[in-house]
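**Student:** Line by line, the protein sequences are chains R and D. What the first sequence shows, in the numbering used here, is residues 473 to 1499, in sequence order. What the second sequence shows, in the numbering used here, is residues -19 to 446, in sequence order. Using N, Cα and C, we set each Cβ at its ideal position, and we do this for glycine too. Being a predicted model, the structure only gives us computed values, none of them experimental.
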Amino acid sequence: QTRVVSGKVTDKTTGAPIPGVSVIISGTRTSTQTDRTGAFTLAVPADGAKNLRLSFVGYVTKIVPITGNSLSIILEEDAAVLDEIVVNGYSTQKKADVIGSVSSVTAKQLENKPVQSFDQALGGKAAGVQVTLPNGVLNNPPVIRIRGTNSISLSSSPLFVVDGVATYSGDASGSSAAGNALASINPNDIERVEILKDAAASAIYGSRAANGVIVITTKRGKPGKAVVTYDAWVGTTKARNLPELLDAYQYVELKNEGLRNAGLFNQATRSFNLQNDAAGNVINTNWYDYIYRTAYSHSNTIGVSGGTESTNYYLSAGYTKQEGIIQHNDYTRKSMLAKVDHKEGKIFAFGGKLQYSNEQNLAATSSGSLSGEAFGTGGLGRLAIVTAPNVAPKNADGTYNIFNATTIGRGANVGSDVGFYNPAAVLDLDRSNNELNHIQGSVYLQANITDWLYAKSVYGVDYIFSDNDSFFNPINGGSAASGGSASASFSKNKRWVWTNTAQATKTFGEHNFSLLVGNEQTRSTVNGFNASRTTLSDPAFNSFAAGYATPTAGGTVGENYLVSFFGSLNYNYAKRYYLTANVRQDQYSAFGADNKKGTFYGVGLKWEIANEKFWTKAGLDKTFSSFSLRGTYGTVGNTAGLGNLASYSFYGTGLYNGSPTLVPTQTGNDQIGWEESKKLDLGINFGILNDRITVEAAYYKNTLDGLIYSVPQIPSAGLPSEPSLNIASMYNKGYELTISGDAFRGKDFSWSPSFNISYNKNEITSLSEGITQFLTTTSSLESASISQVGGPLGMIYVVRTAGVDAASGRRIFIEKSTGKKVLYQQVAPAGQFRYTYEDGTEAKNGISLANDASPYKNTQPKFSGGFDNTFRYKQFDLGLTFTYQLGFSIYYGTNSGLRDQRFWNNSTDMLRRWTTPGQETDIPKIVNGDNVSNGSSFPIDVNVFKGDFLKLRSASLGYTLPVSFVSKAKIANARIYVSGNNLLIFTKYPGSDPEVSSNGNSNSAAGVERNSVGNGRAFTAGISVKF
Amino acid sequence: CQKELLTPASETAVATLDLAQFSTVLRVQGQVLGLYAGLRAGDFYGGRYPVYNELRADNYIAQSSNSVTAYQTYMYTLGNGAQEVTGFWGSAYNTINRCNLFIEGMAAKGTGVVGDAVGKNYVAEAKLVRAICYYSLLQLYARPFYDGQGSKPGLPLRLTGNSVAGNYDLARSTVAQVYTQVLKDLNEAETDLPLTYTTAVNNTIRAHRNTAIAFKTRVYLSMQRYTDVITEANKIVSTAGPFTATTGVAHALQADITNVFKTPYTTTESILSMPFVNGTENAGGQSAIGSYFFGTKLYSLNPDGIIGDATFKAADKRRSFITLSGGLPYMSKFPTLPAANFADYVPVIRYAEVLLSLGEALARSTNSVDAKALALLNAVRTRSDATTVFTAASFATPSAFFDAFVKERNIEFLGEGLRTPDILRLGLTFPARGGVAAVPPTSSQYIWPISGTELLYNKLMTDNTN
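(1) Please list, in chain order, all residues of the same chain as residue 1434 of chain R whose beta carbon is under 8 Å from its beta carbon, the five residues on each side excluded.
(2) In chain R, which residues lie with their C-beta within 8 Å of the C-beta of residue 73 of chain D?
(3) Can you find a CB in chain R that lies within less than 9 Å of the CB of residue 441 of chain D?
(4) Does the distance from the C-beta atom of residue 942 of chain R to that of residue 919 of chain R stay below 9 Å?
(5) Across the region 1392 to 1400 of chain R and the region 1318 to 1330 of chain R, are there enough close Cβ pairs to call them in contact, namely three or more that are closer than 8 Å?
(6) Leaving out five residues before and five after residue 216 of chain D in sequence, what residues of the same chain have Cβ atoms less than 6 Å from its Cβ?
(7) Could you check if residue 934 of chain R belongs to the surroundings of the ligand FMN, using beta carbon to heavy atom distance under 8 Å?
(8) Determine the closest residue to residue 1272 of chain R out of R:1259, R:1289, R:1280, R:1263, with distance taken between C-alpha atoms.
(9) Tell me the start and end of each unbroken beta strand (DSSP E) in the region 546 to 616 of chain R that is at least 3 residues and wholly inside, in chain order.
(10) In chain D, which residues lie less than 8 Å from residue 1122 of chain R when you measure between Cβ atoms?
(11) Determine the burial state of residue 24 of chain D: buried for a count of at least 16 other Cβ atoms within 10 Å of its Cβ, exposed for fewer.
(12) List the residues of chain D whose Cβ lies closer than 8 Å to the Cβ of residue 1322 of chain R, in chain order.
(13) Can you give me the Cβ contacts of residue 1452 of chain R inside the same chain, cut-off strictly under 6 Å, excluding the 5 residues immediately before and after it?
(14) Do you know how far the Cα of residue 266 of chain D is from the Cα of residue 858 of chain R?
(15) Using a 10 Å radius around the Cβ and a threshold of 16 neighbouring Cβ atoms, would you call residue 473 of chain R buried or exposed?
(16) Between residue 1184 of chain R and chain D, is any beta-carbon pair separated by less than 9 Å?
(17) Return the residue from the list R:1371, R:740, R:1378, R:1332 that minimises the CA-CA distance to residue 1359 of chain R.
(18) Measure the C-alpha to C-alpha separation of residue 16 of chain D and residue 313 of chain D and round it to an integer number of angstroms.
(19) Are the CB atoms of residue 1032 of chain R and residue 1062 of chain R nearer to each other than 9 Å?
(20) Hey, quick one: how far does the alpha helix (DSSP H) through residue 1089 of chain R stretch, first residue to last?
(21) Please go through the same chain and pick out, in chain order, the residues whose beta-carbon is closer than 6 Å to the beta-carbon of residue 583 of chain R, but skip the five residues on each side of it.
(22) In chain order, what residues of the region 242 to 262 of chain D put their CB closer than 8 Å to some CB of chain R?
(23) When the distance is taken between beta carbons, is residue 611 of chain R closer than 9 Å to residue 588 of chain R?
(24) Quick check: what's the CA-CA separation for residue 366 of chain D versus residue 293 of chain D?
(25) Along chain D, in chain order, which residues have C-beta atoms closer than 7 Å to that of residue 1002 of chain R?
(26) Quick check: the Cα distance between residue 1090 of chain R and residue 1098 of chain R, rounded to an integer number of angstroms?
(27) At what residue ranges does the region 1293 to 1361 of chain R contain a whole run of the alpha helix (DSSP H), taking only runs of 4 or more?
(28) Under three-state DSSP, which class holds residue 142 of chain D?
(29) Rounded C-beta distance between residue 651 of chain R and residue 938 of chain R? I'm assuming under 8 Å.
(30) Check the DSSP bridge columns for residue 496 of chain R and list the partner residues they point to.
(31) With 16 other CB atoms within 10 Å as the buried threshold, where does residue 921 of chain R fall?
(32) Nearest to residue 702 of chain R by alpha carbon, out of R:1487, R:869, R:1448?
(33) What residues from chain R crowd round residue 136 of chain D, counting only those whose CB sits closer than 7 Å?
(34) So residue 907 of chain R is in the beta strand (DSSP E); what residue range does that whole segment cover?
(35) Closer than 8 Å by beta-carbon distance: list the chain R residues that pair up with residue 1 of chain D, in chain order.
(36) Taking all protein chains shown into account, do 16 or more other C-beta atoms lie within 10 angstroms of the C-beta of residue 475 of chain R, making it buried, or fewer, making it exposed?
Take a look at the structure:
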């Protein structure tokens, strides 16, 4: 005897019907599915059937008693479901089954932030992942280090995989405006990010996994009625903590004092003087006003998601326009993402995605902040602090104030330049723009052969077209001496990835197996051309297409190919004993003929003690809801940054009196191979109070061998270049701890903190026979970084000092060979010397970097991490994210420029300069022309500071509008918020921002600031609406 | 998977697999010209090598103290790590290695591609370039030959090509051993070089038979082997004036010396010169010979140097190479300005040198005011200064006659980098000038120190000690 029960299933949040929900009579096999209207009918035995079990992907499974013949059932979207799944490359796993070290970051933590790319928002979110925003230039790729710096010559940046396709990363711009390749992804389109840190998790990526792997999964359609989301924010950003500079009055006073002290002052021929403008006011220019600005930005994303049990779709469009804190540094992104997933019958599924973005990365000229730009004459960060405050940007007649093609006008100053380029002229007239068109698409076909076996084929493309357009004006600046110039370049980066996998998942009793095998090919090519044209025919034009006298042109071409076979086995017995084994064989075109092929593996074991009977017996389950021990080990590789053709020796072409030449240009190494990283990881994870609080602790050690190092060869051997050999060794080891949970969970109020900290130690163990150290330069000019065997990469390398001699006001240096104090004076009167010992005798060797510098401080943070807090009170939410880095130093090279006694403007530090015998001060007597005493000529310890910081990186306060209120407007959910980024910095570092790198992604020259533009402080207000 | 994609070929450079750089006639020719391009490098004959040899001697006063532009060379304060010391060393050895690789590659493959006759010519060119490299290195890094008859430490003598990373430790050969190799290369080059090329420009910028002979006169003169100088010079100097080469390229003095240093720079007086082409083959801004002496005016002429010599008369055409600027005299033999990228040819060897070397060798070997020697001296002098004709009576002693040759060379080759080798070969003292003390042959500053990077990585290498 049966009766018919009917019902309707709706979504708790939206109230929309949910089609395709599985409805089963508990304890039986009788089941049905809801139809398009969310309705179902089911014949129920009259007796015995008490409950219905309703389940659907992405919703909390619900068991409801059969009370009556017509049921109204509400299902709740399961936020926790997302947290319980981990995407580890080629497949997904339940979090509980994961053995390797994986950190997850979810959409909520990344969306609606005033950033250009999601990776800029990753800082502090995961233990062992150090994210540094190197400067305030828009769309600049952050420096990301997973468990330390893992290479010397190649890249130490992780591999990024977007929806299964290993994507381009790094700066794709060819102009002075940065263009992070990853910014093509609208952060609001990201569902989740996984960070694979150890070998067990990352070995499936083989030769590319040594720096860790960041796996990005974008949003996909969810079954049900279409859900429309709209997110928008507006915001402002301002430079913060700029060094305080001398004003015109102070400048004139101090610079004349310097001239007098040098014996050079002569009012008529050599002096600095105030000058009045046309209105009779003293010209007192704050160049910050011309170079920096209050920037305005906004961002809009609209998305629609929906589907049925068989076909789901997600479609989004984004538009963001952001301004940087430097004038004319703009970023615009138009992005679209379309995704479709379809199940055809019981066996086949196919679908795909297409993501397109158009990005404009605009800049007037060099910011002086990107890698290699630090000493650029026109770098805006530097022009702001160098240019004299007693001259005006423009003359009374409106023309630019210039002295000649490359220097600003001197105003009333006599006998000396007072600046380099006129900042106003280059900002107004020059441009260095980049446009990226980025297409990422993929299609897949999956065959579910049986309920335990499927095969899948994915073909993806990643195309970046990078278009650069630069112009240098003929009036003042970089190309003015040659009558202006324009350049254009275009580069096509194209990659396709074809992945074929098969996965079997089967359970035999308590034995749970999952086996994945696959094959993958990755092919990348680059093609580009560039042209520059010099000497503009008519100064009224500024287009590349205008008339010019001299053209030059060139091109680039490159290719590589990676073919791989891989397998992954996951096994557990009774959810107690877990085993994972991953293996990948890669063949890569850039490797030497005999070394094309490499095999990588990772194995891991885990013991979930909480599932043991003795655990329960001992009553430990009352405290610990989960408790696991795990250990993993494996070998992975690094190839990122290796030249496509590094294995070959080359002869290149040139000219000899117009005829072609052919000469050796590259010393190849046909044995070149991957860098090897052996990764050990030991960890304990446990949860207490029903996993309300979870703790993850890990110890790791990455042993790096075969690191590529360009080994200097004997000069008389006459080789054309230093060959790259797999020869150096290094390690990173450390600890990580993450504690997160619900600290307080009440009806109206809750607090969910998450804290992570990691400690890392980096040490070079060998370089090459007979080589124990190497220097790394900042922008090819200053050698402030040294790496030594037995020490970490990139220590600060400076000459030691011992203050200022109170009697004479001279800088005291320490001569390294003798430890003696050496006093310096810029101008030595007759019979005296520039460098003298304390007794007045000449220090014959003077002081130099080569003779007197020594390794001084470490630049790699010992500790880094984050502290995330979410508070809720009724409809209000408050999020506070702190990040910190501790135990490192920064070489604040900018400071030496701020105290340089050439014509350069100075910081107000100089007001406490030495003037009187007996005066105790840290600032030496000022003498015109002195670029030695304060560290411009060679780096000195005075400009080294502790970089330790704690930042309130972001804070947001939101209010979710009551459903009763918004539902009248057919709105399911609406939240408004205000937030701030980079709000507070607790640090003793005197520069703008201790989170800085003038050398960008460099492995061995981190912790150097030279004329960079610091990160700004942003405030935003936004709204998120769901219909 | 597509296996062929695993071994991509470069689309812009020739990979050395299977000696592909020797696979076509064009590539082999390109390599030959590449040897000269090595010689023309900025650190070598592209400017700095002759500049160093000028600045070490007595004719200049520094107007800048920039160590990038040879100030330490000028001041004799060079250390092992100075850019000059490491840069020239590297540049010369880089070119030597090109020659070695080329000579080996021709034997293995190239000669088969271009044919025996042409192959011989090319290998001879490589040997000549290699000889110039070793000879030039000796002038700066080794004691002169006279000092112990070549027994002093010379250079690591590398005669095999290096193309991959390796252990290249090699000790110094003696000065004599290196000279022996230089002469062997030049003798073999003389045999196999073509007599002439079809164009005047190739006769100037590539080696032909007379180039090898001419260079031998320079080498033997440096070794004070005067009879050998005479033997070689006589092959290309007619027995009586006007002196010309009677075989091969018809070398002769130009009636007007200024024509030698002007477009097209390809008179028969220029035996070998390094060409530059404005726009496509620019001389380096801080290495161009013209930038030191005229274009950027880094070094003015020393009024107490040769330009202050009373016998260097005002009417002498060679004084037209001295230009006053800001009250200071500058050497304007290489007058092309930076705007035209200093595109002057840089002479390696000129016919005037062969004549003066022959004359000096005749004088010294006979220890007399030899008549032909006198004719040779006059040939060079009177070409530029018709008012001065030396006679036997002009020289009280043979020694005064010898000195006249040294002085004539000082005048004639001012700015061309011969002054330091002339001082060294005779063991003269570098005179004091402009606050820089004299450097006698006994001084450690008499020659350069060895490249610091060579000493660092070549475990068998030794520094110059006094």
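**Tutor:** Taking the geometry as given:
(1) Within the same chain, Cβ atoms closer than 8 Å to the Cβ of residue 1434 of chain R are found at 1347, the five residues on either side in sequence being excluded.
(2) Close partners of residue 73 of chain D in chain R (Cβ separation under 8 Å): 1187, 1188, 1189, 1190.
(3) Chain R, which has a Cβ nearer than 9 Å to the Cβ of residue 441 of chain D, makes this yes.
(4) Not in contact: residue 942 of chain R and residue 919 of chain R (Cβ atoms no closer than 9 Å).
(5) No: the two stretches stay apart, fewer than three of their Cβ pairs being nearer than 8 Å.
(6) If you ignore the 5 residues before and after residue 216 of chain D, its C-beta comes within less than 6 Å of the C-beta of 190, 193, 225, all in its own chain and listed in chain order.
(7) With respect to small molecules bound, the structure shown includes none, and the ligand FMN cannot be examined in it.
(8) For the residues R:1259, R:1289, R:1280, R:1263, the minimum Cα distance to residue 1272 of chain R belongs to R:1289.
(9) The region 546 to 616 of chain R contains these whole beta strand (DSSP E) runs: 557 to 559, 564 to 566, 574 to 578, 601 to 604.
(10) Neighbourhood of residue 1122 of chain R in chain D, by CB distance below 8 Å: -10, -7, -6, -5, -4, in chain order.
(11) Around the beta carbon of residue 24 of chain D, 16 or more other beta carbons lie within 10 angstroms, which makes this residue buried.
(12) Those are 61, listed as they occur along chain D.
(13) Excluding positions up to five away in sequence, the list reads 1427, 1491.
(14) Residue 858 of chain R and residue 266 of chain D have their C-alpha atoms some 27 Å from each other.
(15) Residue 473 of chain R comes out exposed.
(16) Chain D contact via Cβ: present.
(17) For the residues R:1371, R:740, R:1378, R:1332, the minimum Cα distance to residue 1359 of chain R belongs to R:1332.
(18) Taking the straight line joining both Cα atoms gives about 22 Å.
(19) In this structure, residue 1062 of chain R lies closer than 9 Å to residue 1032 of chain R by Cβ.
(20) Taken as a continuous stretch (DSSP letters only), the alpha helix (DSSP H) holding residue 1089 of chain R covers 1085 to 1089.
(21) Cβ-Cβ distances below 6 Å link residue 583 of chain R to 659, 660 in the same chain, with the five nearest sequence neighbours on each side left out; the list follows chain order.
(22) So the close ones are 255, 257, 259, 260, 261.
(23) In contact: residue 588 of chain R and residue 611 of chain R (Cβ atoms closer than 9 Å).
(24) Cα to Cα, residue 366 of chain D sits roughly 10 Å from residue 293 of chain D.
(25) Among the residues of chain D, none has a CB under 7 Å from the CB of residue 1002 of chain R; the nearest is roughly 14 Å distant.
(26) Each residue's Cα considered, the two are about 14 Å apart.
(27) DSSP runs (the alpha helix (DSSP H)) wholly in the region 1293 to 1361 of chain R: 1321 to 1324.
(28) Collapsing the DSSP output to three states places residue 142 of chain D in coil.
(29) Yes, they are in contact, since the Cβ atoms of residue 651 of chain R and residue 938 of chain R sit about 7 Å apart, within 8 Å.
(30) Answer is R:503, R:525, bridged to residue 496 of chain R.
(31) Residue 921 of chain R counts as exposed, since fewer than 16 other C-beta atoms from the protein chains shown sit within 10 angstroms of its C-beta.
(32) Of the listed residues, the one whose Cα sits closest to residue 702 of chain R is R:1448.
(33) Residues of chain R passing the Cβ test: 1188.
(34) 903 to 922 is the span of the beta strand (DSSP E), which, as asked, contains residue 907 of chain R.
(35) Residues of chain R passing the Cβ test: 1123, 1134.
(36) Counting Cβ neighbours within 10 Å, residue 475 of chain R comes out exposed, since fewer than 16 surround it.
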